[in-house]
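Following: one structure in structure tokens, then a few remarks.
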Amino acid sequence: MSTGDLWWKNAVIYCVDVETFYDSNGDGIGDLIGLVQRIDYLAELGVTCLWLMPFYPTPGRDDGYDVQDLFGVDSRLGTHGDLVELIRAAKDRGIRVIADLVVNHTSDQHPWFKSARRSKDSPYRDFYVWRSDPPPDTSDKVVFPDKEDSIWQLDERTGEWYLHHFYRYQPDLNFANPAVRDQIAKSIGFWLQLGLDGFRVDAVPFLIEDVDTEADHVPGDPHDYLKELRAFLGRRRGDAMLLGEVNLPFEEQAAYFGGAGESARGDELTMMFDFVSMEATYLSLARQDAGPLAKALTSRPVIHRDCQWATFVRNHDELTLDKLSDEERQEVFAAFGPEPEMQIYGRGLKRRLPPMLDGDPRRIRMVYSLLFSLPGTPSIYYGEEIGMGEDLADEGRMSVRTPMQWEAIRNGGFSTAPPRKLFQRVVPGGYGPEHVNVASQKRDPDSLWHFMRTLIQTYRECPELGWGEFAVLDQPCPAVLAHRCHWEGASLVAVHNLSAEPLTTRVQLLPDDLVADSGEAIWLDDLFAHEAHDTDAKGGVELTLAGYGHVWLRVRRDSRPAA
């Protein structure tokens, strides 16, 4: 494939919950037309890929992830025509559009399940996974331990139990049934035909096999189903992508790319979120020690050249820390979420980044600079660009799914409806719209919004970050992460101070960056401060960093511009 076909390798992904972004008709619920009206905002910010959280018909018990119709649009959010208008408007501005593919389970209000539970003879009975004998204790296998105590639920009408790894109102689909696979393929083909550029695939490990139970959804190699999906996607749209949610250790994640190293085939997921490095980031931040993050990044398996890691520091779910040890998790809790109401499921945090960092603008900007400099494709959640906070009074994950804050007016400019009619209340207190909003930050050249726009633009000018080879560089300070991304003869060096204390460090460049053409000198161009740094006789560069300071340096092998 050409670099243009692999557009996801250096995209900037922006995740939006349609119902909380902008309300165009004053009913208190964000909608697709509201998102169309704000598409120029995303283009101005520099977004290149818009990720839509579920917009399908739903009873609304799990923020849209309890899907009632795989082919529909929730009437509260708009129509198929509105979705097509959004896709057209986005593409006119160079923004691709992907959507959540939620096919591990359906809502218990889906017509398939309503039919399946009426009778064992239903043609849809085998669309789900049933058992006739009482299940064993599976309390240790539920995804939401504070809400469920088993992954099996008794259905009184037929006297059998159905499988649900998530909530009991979300029965798992049976992917051993070819008819289920056909329906999923049809839904993918349908949305591609309407113009989507790919999908963020929800809960992938649960999708292809029955995790931690005795029965597999898919006979034989369960990864064959992912290969089928990827092949179908390629036939329908050669440049479409699958971005998977696979929260597993690296050695297990590699299989979902289609293998790693010399045997990597790249025939399953196109991209995967790097949960391991995300969790290591928070441990490094808590300790002010770059070691855990450096270890995670250097432990990444070598993946197929057409595949990619998606990097993030926050998403729409809980900030999971389940891959850390119990002791490490407690360190992160103590640093960023010490109160019980800040924690969730015993494994994560229900907070956004700015409140976790006590609103320190230096530290917030350093973390986002670090995110965008890591090898891979950065993904941000709506409102991160202005530093929105969370509503801890809200239950579970909903604490970070609050209305977008556009202006310092009623409802934050999200909706003209009376506040009592809002789908979700606006964040109260110091992170409310009177303090944090788009309008005021766009007027302030020193705001986080302007920093993020510059950061995004600079990232888009550095293809090494999405395409290049990664290496950690030697330097003596434990609090500093210095790394290099190299691609087609070009190198970018990023250096981040994870501590509050200013420091001076010497970063050693790699040998292949020290070979100049025609005897020209090696120097480094600071892409933000627009300053030049000379290397010493041994190929190192001395840098002074403020507390939470950060620099991006392009290695240059030519004449320095006149001062």
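So for the sequence shown, the working numbering puts the first residue at -1; every next one is plus one.
Don't be surprised by glycine CBs; every beta carbon is placed ideally from N, CA and C.
From a predicted model like this one, the values you see are computed outputs, not experimental measurements.
*Where are the beta strand (DSSP E) runs, 3 residues long or more, that stay fully inside the segment 168 to 227, in chain order?*
Runs found: 196 to 199.
*With contact counted as at least three CB pairs below 8 Å, one residue from each stretch, are the segment 76 to 89 and the segment 37 to 53 in contact?*
Because the criterion of three Cβ pairs below 8 Å is met, the segment 76 to 89 and the segment 37 to 53 touch.
*Once you ignore the five residues that flank V101 on each side, which residues in its own chain have a CB closer than 6 Å to its CB?*
Taken in chain order, the residues that qualify are I182.
*Residue from F334, S497, E277 and V65 with nearest C-alpha to S323*: The shortest C-alpha separation from S323 is found at E277.
*Those runs of the beta strand (DSSP E) which lie wholly inside the segment 38 to 62 and span at least 3 residues*: If we require 3 residues or more, the beta strand (DSSP E) runs fully inside the segment 38 to 62 come out as 47 to 50.
*asked:* Would the segment 494 to 510 count as touching the segment 308 to 320 if we require 3 or more Cβ pairs under 8 Å?
replied: Verdict: no, contact absent.
*When you compare only the Cα positions, how much space is there between V209 and I407?*
Any answer about V209 is weak, because its pLDDT of 49 lies below 50 and its placement is not dependable; what the coordinates show is given next. Near 47 Å, if we compare the C-alpha coordinates of I407 and V209.
_Exposure label - P52; buried when at least 16 CB within 10 Å_ = Counting other Cβ atoms within 10 Å of its Cβ, P52 reaches 16 or more and is therefore classed as buried.
*What separation, rounded to the nearest whole angstrom, lies between the Cα atoms of R554 and P509?*
Distance between the alpha carbons of R554 and P509: 14 Å.
*asked:* Within the continuous alpha helix (DSSP H) that includes V365, where are the two ends?
replied: Where V365 is concerned, the enclosing alpha helix (DSSP H) stretches over P359 to S371.
*What runs of the alpha helix (DSSP H), each 4 residues or longer, lie entirely inside the segment 276 to 364?*
Runs of alpha helix (DSSP H) with 4 or more residues, each lying fully within the segment 276 to 364, are found at 289 to 297, 324 to 334 and 351 to 354, listed in chain order.
*Hey, out of M270, D135, R123 and P443, whose CA is closest to L240's CA?*
The shortest C-alpha separation from L240 is found at M270.
_Whether L192 touches V82 by CB criterion (7 Å)_ = Going by C-beta atoms, L192 is nearer than 7 Å to V82.
*asked:* Restricting to Cα atoms, I'd like to know which of G70, L75, E388 and G44 is closest to D25.
replied: Of all alpha-carbon atoms in G70, L75, E388 and G44, the one lying nearest the alpha-carbon of D25 is that of L75.
*On the DSSP bridge assignment, give the partners of A492 in chain order.*
Per the DSSP secondary-structure output, A492 pairs in a beta bridge with H481 and W550.
*Return the CA-CA distance between M354 and A333, expressed in angstroms with no decimal places.*
Distance between the alpha carbons of M354 and A333 is about 8 Å.
*asked:* Quick check: the Cα distance between W307 and I11, rounded to an integer number of angstroms?
replied: Note on geometry: alpha-carbon atoms of W307 and I11 lie some 12 Å from one another.
*asked:* Can you list, in chain order, the residues of its chain with a C-beta nearer than 7 Å to that of G344? Leave out the 5 residues immediately preceding and following it.
replied: Counting only Cβ-Cβ distances below 7 Å, and skipping sequence neighbours, we find P143.
*What's the C-alpha gap between R179 and V244?*
Straight-line spacing of the CA atoms in R179 and V244 works out to 20 Å.
_Looking only at its chain, what residues have a beta carbon closer than 8 Å to the beta carbon of L194, apart from the 5 residues adjacent to it on each side?_
Only I85, V95, I96, A97 and A238 meet the Cβ criterion.
*Does DSSP classify D556 as helix, strand or coil?*
The DSSP-derived three-state label of D556 is coil.
_Supposed close pair L525, H531 - CB separation, criterion 8 Å_ = By a beta-carbon distance limit of 8 Å, L525 does not contact H531. Their separation comes to about 12 Å.
*Would you check if there are 3 or more beta carbon pairs closer than 8 Å linking the segment 449 to 456 to the segment 470 to 483?*
No: the two stretches stay apart, fewer than three of their Cβ pairs being nearer than 8 Å.
*Would you list the one or two residues that DSSP bridges to V470?*
Partner(s): H481.
_Report the CB separation of R399 from D15 in whole angstroms; it is logged as a contact under 8 Å._
Their Cβ separation, rounded to whole angstroms, is 6 Å, which keeps R399 and D15 in contact under 8 Å.
*Are the CB atoms of T387 and Y429 nearer to each other than 7 Å?*
Position check: residue 387 holds Gly in this sequence, whereas Thr was assumed. Yes, the pair counts as a contact, with Cβ atoms nearer than the cut-off.
_Using C-beta distances below 7 Å, list every residue in its chain close to S397, excluding the 5 sequence neighbours before and after it, in chain order._
Non-local beta-carbon contacts of S397 in its own chain, meaning distances under 7 Å to residues more than five positions away in sequence, involve K348, E388, D389 and L390 in chain order.
*Test item: CB-CB of L161 and V127 under 7 Å*: For L161 and V127, yes; Cβs fall inside 7 Å.
*Check whether P55 and G70 have beta carbons under 7 Å apart*: Yes; because the gap between Cβ atoms is below 7 Å, this pair is in contact.
*In this structure, what does DSSP give as the bridge partners for S397?*
Secondary-structure assignment with DSSP links S397 through no beta bridge to anything.
*State the start and end residues of the unbroken alpha helix (DSSP H) segment that holds I454.*
According to the DSSP assignment, I454 belongs to the alpha helix (DSSP H) that extends over L446 to R458.
*For M377, which of helix, strand or coil comes out of DSSP?*
It is Ser, not Met, that sits at residue 377 in the sequence shown. Assignment of S377 by DSSP, reduced to helix, strand and coil, places it in the strand class.
*Enclosing beta strand (DSSP E) for W150 [first to last residue]*: Residue range W150 to D153 is occupied by the beta strand (DSSP E) that includes W150.
*Distance between H302 and K7 (C-alpha atoms, nearest Å)*: If you take the alpha carbons of K7 and H302, they lie about 12 Å apart.
*Helix, strand or coil at T533 according to DSSP, with G and I counted as helix*: Here T533 sits in coil by DSSP.
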